[in-house]
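K.L.:
Dropping a structure here in structure tokens format, bear with me for questions.
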């Protein structure tokens, strides 16, 4: 009773702090077709938001220029860097930021990789890193991801384990630099240091390992190309020969057995 | 040939029996070990080879994760290496030190002979009803192929596997990109081995109509006289001429041993066919 009175008197005094529940009263409504067609969706999936890494923060932590209802019609963009200072700083130096083009949206900023702003998942999980994270990089870097799956790093990641290298283990994440930048983690002079994050006894020779191999590309690595060709020929010839051998044998033996059981062990009839 | 002398053999007491020893107890144990290790290596290795499939992910998580998977793979690999070296040692001992007659050449040797080529040719003729079944000796040409395929397979998969295990060490002697080559060779040769064993070896040895559902000789160690006369007439003839049959005489394999062989065969062939199916689907279709 007392609480109710206190609540009512609060409302009467106006400008109560908005709770997530207040915002979702409107923003969790199923959007109409017209709303869906708008460039910026105002719909927030409440269930998705509750499972996101930001669920406990509440809407106004990010949408900080909204203080009361009714709110201003065009709130400003959310600044992720307000909290994620080092990520913002690193990103500012990165090749992604340098090439970022707002019109084409070809190079990624925060949400291109981290997804729906109201459903941002915790990235320090095996599921995110091995399933979502590498696939996210792969949406643009398709060929690099395909060749990654052909390495031991990729195989272990494919099984869902973070024990080996994922993209950012070698390339950095927010602060990724162009491979031609001498400061890049994959610049030739930095390779030994980068591989040494996981491997012991790394030498100049060791870093000639190709983390993105392509056995079909003769120019990239002729040894790998010809080895793959030889292995394919070996498999093909063994199975062609023994497949035929086995098939013919099966048919002949089957006839022989049926004949023998009829003619009671006539043996070599030919 | 060293032939086992067990208490079972003694019990035969010289009375003529319809069974003769073919494999020594050591050979039988070694084959049992090889089956267990091979299945372990194939299950863990093929999960990595086809890591984008659901069965691979579920198997890897079920056995305890990445470290368990890799531990099992390396554990089996070390055991197989030990078995391989033991076998090489045995070959050296029997062939060179003790100098067994006919070990490296002749009708009882595992080394391919000119006769094997003729046998292959005659076998093909028999497939087409164009001639009689070839008269085989102690080891047929497909048994020799099985042996040498596994022999070189172990050497190639073993060397490339140890290269991957100790990458930075081997990179001191070869360029680092040879580790790319090693992974490719390791995976493809393993696929060859797995498919060959689970299709060709299973059929040639166990599933063909004459043997179906299995040939228990590798576990019981002995064949019946009828079998020996029909399938390896040259060996039977030679043993009879040299009066060596008596030395190989065995009693009928005991019931428990036949059942034991059957259980191992069901488990091994069942596991093998499952791995065969999922790897074939993953390689050609993907699901």
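Residue numbers (the numbering used here), protein chains in the order written: chain Z, 3 to 272; chain C, 155 to 441. Glycine included, C-beta positions come from ideal geometry on N, C-alpha and C.
Taking Cβ-Cβ distances below 9 Å as the criterion, which residues of the stretch 142 to 174 of chain Z are in contact with chain C?
P.N.:
The residues in question are 151, 152, 153, 154, 156, 157, 158, 159, 160, 161, 162, 163, 164, 165, 166.
K.L.:
What are the boundary residues of the beta strand (DSSP E) that includes residue 175 (chain C)?
P.N.:
173 to 175 is the span of the beta strand (DSSP E), which, as asked, contains residue 175 (chain C).
K.L.:
Should residue 168 (chain Z) be labelled buried (16 or more other beta-carbon atoms within 10 Å of its own) or exposed?
P.N.:
Buried, since its Cβ has 16 or more Cβ neighbours within 10 Å.
K.L.:
Pairing CB atoms from the stretch 248 to 261 of chain Z with CB atoms from the stretch 273 to 282 of chain C, are three or more of them under 8 Å?
P.N.:
The stretch 248 to 261 of chain Z is in contact with the stretch 273 to 282 of chain C.
K.L.:
What runs of the alpha helix (DSSP H), each 4 residues or longer, lie entirely inside the stretch 132 to 216 of chain Z?
P.N.:
Qualifying alpha helix (DSSP H) stretches, in chain order: 136 to 142, 144 to 150, 154 to 160, 169 to 173, 193 to 197.
K.L.:
Helix, strand or coil for residue 111 (chain Z)? Go by DSSP, reduced to three states.
P.N.:
Coil.
K.L.:
Got a sec, what are the start and stop residues for the alpha helix (DSSP H) residue 432 (chain C) sits in?
P.N.:
Residue 432 (chain C) -> alpha helix (DSSP H) spans 409 to 438.
K.L.:
Pick out whichever of Z:65, Z:116, Z:110, Z:212 has its Cα sitting closest to the Cα of residue 143 (chain Z).
P.N.:
The shortest C-alpha separation from residue 143 (chain Z) is found at Z:110.
K.L.:
Compile a chain-ordered list of the residues in the stretch 307 to 318 of chain C whose CB is closer than 8 Å to at least one CB of chain Z.
P.N.:
Of all residues in the stretch 307 to 318 of chain C, 318 have a Cβ within less than 8 Å of some Cβ in chain Z.
K.L.:
Can you grab the Cα-Cα spacing for the pair residue 257 (chain Z) / residue 206 (chain C), in whole Å?
P.N.:
Distance between the alpha carbons of residue 257 (chain Z) and residue 206 (chain C): 43 Å.
K.L.:
Report the residue from Z:89, Z:146, Z:49 whose alpha carbon sits nearest the alpha carbon of residue 116 (chain Z).
P.N.:
Of the candidates Z:89, Z:146, Z:49, the one whose C-alpha sits nearest the C-alpha of residue 116 (chain Z) is Z:89.
K.L.:
For residue 35 (chain Z), write down the residues that DSSP places opposite it in a beta bridge.
P.N.:
Answer by DSSP bridge pairing: none, since residue 35 (chain Z) is not bridged.
K.L.:
Using beta carbons (cut-off 8 Å, strictly below), is residue 217 (chain Z) in contact with chain C?
P.N.:
Cβ-Cβ to chain C under 8 Å: yes for residue 217 (chain Z).
K.L.:
Residues of the stretch 198 to 224 of chain Z in Cβ contact with chain C at a cutoff of 7 Å, in chain order, please.
P.N.:
Taking 7 Å as the Cβ-Cβ cut-off against chain C, the residues of the stretch 198 to 224 of chain Z that qualify are 201, 202, 203, 204, 205, 207, 208, 209, 210, 211, 212, 215, 217, 223.
K.L.:
So is residue 69 (chain Z) buried or exposed if we call it buried at 16+ other beta carbons inside 10 Å?
P.N.:
Residue 69 (chain Z) comes out exposed.
K.L.:
For residue 197 (chain C), which residues in the same chain have their Cβ closer than 8 Å to its Cβ, ignoring the five residues on either side in sequence?
P.N.:
Around residue 197 (chain C): 213, 425, 429.
K.L.:
With burial defined as no fewer than 16 other Cβ atoms inside 10 Å of the residue's Cβ, what is the status of residue 403 (chain C): buried or exposed?
P.N.:
The residue is buried, with at least 16 neighbouring Cβ atoms inside 10 Å.
K.L.:
May I ask you to list, following chain order, the residues of the stretch 198 to 232 of chain C that have a beta carbon less than 8 Å from some beta carbon of chain Z?
P.N.:
Under the 8 Å Cβ criterion, the stretch 198 to 232 of chain C contributes 201, 202, 203, 205, 206, 210, 211, 214, 215, 219, 220, 221, 223.
K.L.:
Shorter than 8 Å from the beta carbon of residue 250 (chain Z) to some beta carbon of chain C?
P.N.:
Yes, because at least one Cβ of chain C sits closer than 8 Å to the Cβ of residue 250 (chain Z).
K.L.:
List the whole-angstrom C-beta distance separating residue 322 (chain C) from residue 218 (chain Z), where the pair is believed to meet the contact cut-off of C-beta under 8 Å.
P.N.:
Contact flag wrong, Cβ pair sits at about 28 Å.
K.L.:
Return the bridge partner residues of residue 377 (chain C) from the DSSP annotation.
P.N.:
Answer is C:174.
K.L.:
Which of helix, strand or coil does DSSP assign to residue 364 (chain C)?
P.N.:
It is coil, neither helix nor strand.
K.L.:
Does the distance from the CB of residue 177 (chain Z) to the CB of residue 96 (chain Z) come in under 8 Å?
P.N.:
In this structure, residue 96 (chain Z) lies closer than 8 Å to residue 177 (chain Z) by Cβ.
K.L.:
Who are residue 403 (chain C)'s beta bridge partners in DSSP?
P.N.:
Its beta-bridge partners are C:174.
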